[in-house]
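Chemist:
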Amino acid sequence: MRPSFIAGLTAIAILGSGCVLSEVSTAETPSSSTIETAQKTVEVASPSGDLRVALRADNGNLSWSADWRDASVIQPSALGLAFKTGKDLNRNLKIHSVTRSSSNETWEQPWGERQFVRDHHNELLAEITFSDGTPAFALRVRAFDDGLGFRYEVPDTGPRQIIDEQTEFRIDPAATTWWIPGAGWNRYEELYFTTPLRDVHRAHTPITFELAGNGPFVSIHEAALVDYAGMWLNQRRPGTLEADLAPWSDGTKVKTEGAFVTPWRTVQVSDTAAVLANSDLILNLNEPNALGDVSWAEPSKYIGIWWCMHINECTWGSGDKHGATTGRTEAYIDFAAEHGFDGVLVEGWNFGWDGDWFSNGEIFSFTEAYPDFDIEALAAYAAEKGVYLIGHHETSGA
156 MRPSFIAGLT AIAILGSGCV LSEVSTAETP SSSTIETAQK TVEVASPSGD
206 LRVALRADNG NLSWSADWRD ASVIQPSALG LAFKTGKDLN RNLKIHSVTR
256 SSSNETWEQP WGERQFVRDH HNELLAEITF SDGTPAFALR VRAFDDGLGF
306 RYEVPDTGPR QIIDEQTEFR IDPAATTWWI PGAGWNRYEE LYFTTPLRDV
356 HRAHTPITFE LAGNGPFVSI HEAALVDYAG MWLNQRRPGT LEADLAPWSD
406 GTKVKTEGAF VTPWRTVQVS DTAAVLANSD LILNLNEPNA LGDVSWAEPS
456 KYIGIWWCMH INECTWGSGD KHGATTGRTE AYIDFAAEHG FDGVLVEGWN
506 FGWDGDWFSN GEIFSFTEAY PDFDIEALAA YAAEKGVYLI GHHETSGA
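When you read off a place in the sequence shown, starting at 1, and then add 155, the result is the number in the numbering used here.
1) Which residues bound the beta strand (DSSP E) around G482?
2) By the three-class DSSP mapping on this structure, what secondary structure does K476 have?
3) Sorted by chain position, which residues of the same chain lie with C-beta nearer than 8 Å to A329's C-beta, five sequence neighbours on each side aside?
4) With distances taken from CA atoms, which of Q270, L248 and L279 is nearest S257?
5) Judging by CA-CA distance, which residue of S520, D399 and D426 is the nearest neighbour of R420?
6) May I ask you to verify whether the segment 539-548 touches the segment 491-507, counting CB pairs closer than 8 Å and requiring at least 3?
7) Assign K249 to one of three DSSP states: helix, strand, or coil.
8) Does the beta-carbon of Q270 have 16 or more other beta-carbons within 10 angstroms, so that it is buried, or is it exposed?
9) Quick one: what's got a C-beta closer than 6 Å to I375's C-beta in the same chain, skipping five residues either side?
10) Can you tell me whether W403 is helix, strand or coil according to DSSP?
11) Check the DSSP bridge columns for D222 and list the partner residues they point to.
12) If the criterion is Cβ atoms closer than 9 Å, does the pair W451 and G478 meet it?
13) If you run the structure through DSSP and keep just helix, strand and coil, what is A182?
14) What number of angstroms, rounded off, separates the C-alpha of L303 from the C-alpha of A379?
15) First and last residue of the beta strand (DSSP E) that includes Y543?
16) Within 10 angstroms of its Cβ, does W340 collect 16 or more other Cβ (buried), or is it exposed?
17) Alpha carbon to alpha carbon, what distance is there between V309 and G510?
18) Taking DSSP's pairing of strands, which residues face I190 in a bridge?
19) Where does I229 land, buried or exposed, given buried means 16+ other C-beta within 10 angstroms?
20) Taking F372 and A428 to be in contact with their CB atoms under 8 Å, please state how far apart those CB atoms are, rounded to whole angstroms.
21) Exposed or buried, W403, counting other C-beta atoms within 10 Å across all chains shown (16 or more means buried)?
22) Return helix, strand or coil for E531, following the three-state DSSP convention.
23) By how many angstroms is the C-alpha of T240 removed from the C-alpha of C463?
24) Nearest to Q390 by alpha carbon, out of S218, W471, D243 and P336?
25) Indicate the three-state DSSP secondary structure (helix, strand or coil) for S551 in the structure shown.
26) Can you check which of these residues, R246, T322, I318 and F238, is closest to P231 by C-alpha distance?
27) Any heavy atom of the ligand GDP within a distance shorter than 8 Å of the CB on T254?
28) Is S598 near L234, with beta carbons less than 9 Å apart?
29) Leaving aside the five residues before and after A182 along the sequence, list all residues of the same chain whose C-beta is less than 6 Å from its C-beta, in chain order.
30) Given a cut-off of 9 Å on the beta-carbon distance, is the pair D222 and S434 in contact?
31) Measuring only the C-alpha atoms, how far is A486 from E468?
32) L533 to I518, Cα distance in whole Å?
33) Quick check on DSSP: helix, strand or coil for L436?
34) Below 6 Å CB to CB, which residues in the same chain sit around F415 once its five sequence neighbours on both sides are set aside?
35) For a minimum of 3 consecutive residues, which ranges assigned as the beta strand (DSSP E) are wholly contained in the segment 359-411?
36) From the DSSP output, in three-state form, read off H465 for me.
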């Protein structure tokens, strides 16, 4: 959630990746209006009108869809949450009332690709009740010119355990898809695939598509992931991706206490893939900073000795192909100093990489360097060049 924007005041925000944002300035004060509705379908459009998001309650089932200009980006897709005990939020539902608001703010971050970030969106807050009028939850939808975000806002009914989030994203199964496999046992790092959507199984987000027929580029992800499970996407039926939450060891997906909100489910849309990469939508939906003064944080850029290991030109362990040598590190320090990088990160400099290091993490030393890595001389050389020397410390604890 972005900070409140009030004329004459400033606020602080923080990125989900850990980067800290600073002074926020107001362009205009958001306005809102609430109406009760008997409509089965309600809609919100982006400021330009290019993107339209619709919510529909039909026979007690709630669904959503999104159109970009003349193209259907997300076909009607289910919404809902299922709990271990208590009333599920997936049936006998209706749209009770709708609150509409608009916001057009510009805020400043102390570092990043852009100093000033514009947050321009239209919002629809739909109060969802059960068919008997009992409050169920609210669905908050924000439509930007380059995409959308929505989240569930669930009132306090005591402790609950989510066993399934039933959010769906229905997309043309012929869409070209760039994706990496999800739910690996130990890591996020995987090679990506380029396939039709129909060939995707379980995938990490972000997952990116180009719709058939020179359609727009689309990317699905999440924002403001706080006190909630991370989301994979599972293709349960051709063209239907369902939220698949990383579970606790007992199989429960999320354990809640009182009222809670889910992360934003995000869909970025553009005519070109480059616009997706440059979008600020995720930043604008992330939570505000809770750290207070962050002037002590100093952002930096670094290069490092690791890529040659990944392409098998050198090794983490000792030997003729050892990557983290004194000579190679000096060359990296020289390059960093010449081209404006702040630091050099070195992997494989310390004892413990030989043999099956992945299974024998307890043998790593974080103080003893390999003989061909003169850590004291390199630290002095880096300091002389005005470059940080950063040691990578592997624990095999992934």
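We put the CB at the ideal spot given by N, CA and C, even for glycine.
Modeler: So, to answer that:
1) Against the sequence shown, residue 482 aligns to sequence position 327. Residue range T481 to H494 is occupied by the alpha helix (DSSP H) that includes G482, with no beta strand (DSSP E) assigned at that position.
2) Numbered from its first residue, the sequence shown carries residue 476 at position 321. DSSP places K476 in the coil class of the three-state scheme, outside both helix and strand.
3) As a position in the sequence shown, residue 329 is number 174, starting the count at 1. Cβ neighbours of A329 beyond the five flanking positions: P351, L352, R353 and A367.
4) Indexing the sequence shown from 1 puts residue 257 at position 102. For S257, the closest of Q270, L248 and L279 by C-alpha to C-alpha distance is L279.
5) As a first step, residue 420 must be located in the sequence shown, where it is residue number 265. Nearest option by C-alpha distance: D399.
6) Segments in contact, yes.
7) For the purposes of this step, residue 249 is taken as the residue at position 94 of the sequence shown. When DSSP states are grouped into helix, strand and coil, K249 belongs to the strand group.
8) Residue 270 sits at position 115 when you count from the first residue of the sequence shown. Residue burial annotation: Q270 is exposed, with fewer than 16 other C-beta atoms found within 10 angstroms of its C-beta.
9) As a position in the sequence shown, residue 375 is number 220, starting the count at 1. Taking I375 as the centre and dropping the five residues before and after it, the same chain places the C-beta of F324, T360, I362 and V422 closer than 6 Å to its C-beta, in chain order.
10) As a first step, residue 403 must be located in the sequence shown, where it is residue number 248. In the displayed model, W403 falls within coil according to three-state DSSP, outside both helix and strand.
11) Mapped onto the sequence shown, residue 222 falls at position 67. For D222, which the question treats as bridged, DSSP gives the partners R207 and S227.
12) Translated into positions along the sequence shown, residue 451 becomes position 296. Translated into positions along the sequence shown, residue 478 becomes position 323. For the 9 Å CB-CB criterion, W451 and G478 do not form a contact.
13) Translated into positions along the sequence shown, residue 182 becomes position 27. Its pLDDT being 47, under 50, A182 is placed unreliably by the model, and the measurement read from it follows with that caveat. In the three-state scheme derived from DSSP, where H, G and I count as helix and E and B as strand, A182 is classed as coil.
14) Here residue 303 refers to the residue found at position 148 of the sequence shown. Here residue 379 refers to the residue found at position 224 of the sequence shown. If you draw a straight line from the Cα of L303 to the Cα of A379, it is about 14 Å long.
15) For the purposes of this step, residue 543 is identified with residue 388 of the sequence shown, where counting begins at 1. Its beta strand (DSSP E) spans residues Y543 to G546.
16) The residue given as residue 340 occupies position 185 in the sequence shown. Looking at its Cβ environment, which holds fewer than 16 other Cβ atoms inside 10 Å, W340 is exposed.
17) Taking the sequence shown and counting its residues from 1, one reaches residue 510 at position 355. Taking the sequence shown and counting its residues from 1, one reaches residue 309 at position 154. Taken atom to atom, the span from the alpha-carbon of G510 to that of V309 is near 51 Å.
18) In the sequence shown, residue 190 corresponds to position 35, counting from 1. Partner residues in the beta bridge of I190, as assigned by DSSP, are V253.
19) The residue given as residue 229 occupies position 74 in the sequence shown. Counting every other CB atom within 10 Å of its CB across the protein chains shown gives I229 a total of 16 or more, marking it as buried.
20) By 1-based counting over the sequence shown, the position of residue 372 is 217. By 1-based counting over the sequence shown, the position of residue 428 is 273. Their Cβ separation, rounded to whole angstroms, is 5 Å, which keeps F372 and A428 in contact under 8 Å.
21) Taking the sequence shown and counting its residues from 1, one reaches residue 403 at position 248. Classification of W403: exposed, given that the 10 Å Cβ count is below 16.
22) If you number the sequence shown from 1, residue 531 lands on position 376. Helix, per DSSP.
23) Indexing the sequence shown from 1 puts residue 463 at position 308. Indexing the sequence shown from 1 puts residue 240 at position 85. Take the alpha-carbon of C463 and the one of T240: they are about 52 Å apart.
24) By one-based count along the sequence shown, residue 390 stands at place 235. When C-alpha distances from Q390 are compared across S218, W471, D243 and P336, the shortest belongs to P336.
25) Here residue 551 refers to the residue found at position 396 of the sequence shown. When secondary structure is reduced to three states using DSSP, S551 falls in the coil class, being assigned neither helix nor strand.
26) Here residue 231 is taken as the residue at index 76 of the sequence shown, counted from 1. Minimum Cα distance to P231 is reached at T322.
27) Within the structure as shown, the ligand GDP is missing, as the structure has no ligands at all.
28) Outside the displayed range of the chain (156 to 553) lies residue 598, so it cannot be described from this structure.
29) Position 27 of the sequence shown, counting from 1, holds the residue named residue 182. Unreliable positioning characterises A182 in this predicted model, as indicated by a pLDDT of 47, which lies under 50. The coordinate reading is nonetheless provided below. Counting only Cβ-Cβ distances below 6 Å, and skipping sequence neighbours, we find N259, E260 and T261.
30) In the sequence shown, the residue the question calls residue 222 occupies position 67. In the sequence shown, the residue the question calls residue 434 occupies position 279. No, Cβ-Cβ distance for D222 and S434 is not below 9 Å.
31) Residue 486 sits at position 331 when you count from the first residue of the sequence shown. Residue 468 sits at position 313 when you count from the first residue of the sequence shown. Taking the CA atoms as reference points, A486 sits about 16 Å from E468.
32) Against the sequence shown, residue 533 aligns to sequence position 378. Against the sequence shown, residue 518 aligns to sequence position 363. Whole-angstrom Cα-Cα distance: 24 Å.
33) As a working note, residue 436 is residue 281 in the sequence shown. DSSP places L436 in helix when its eight states are reduced to three.
34) Taking the first residue of the sequence shown as position 1, residue 415 is located at position 260. Result list for F415: V309, in chain order.
35) As far as the segment 359-411 is concerned, its whole beta strand (DSSP E) runs of at least 3 residues are 362-365, 372-378, 386-392, 395-400 and 409-411.
36) Numbered from its first residue, the sequence shown carries residue 465 at position 310. The answer is helix: DSSP assigns H465 an H, G or I state.
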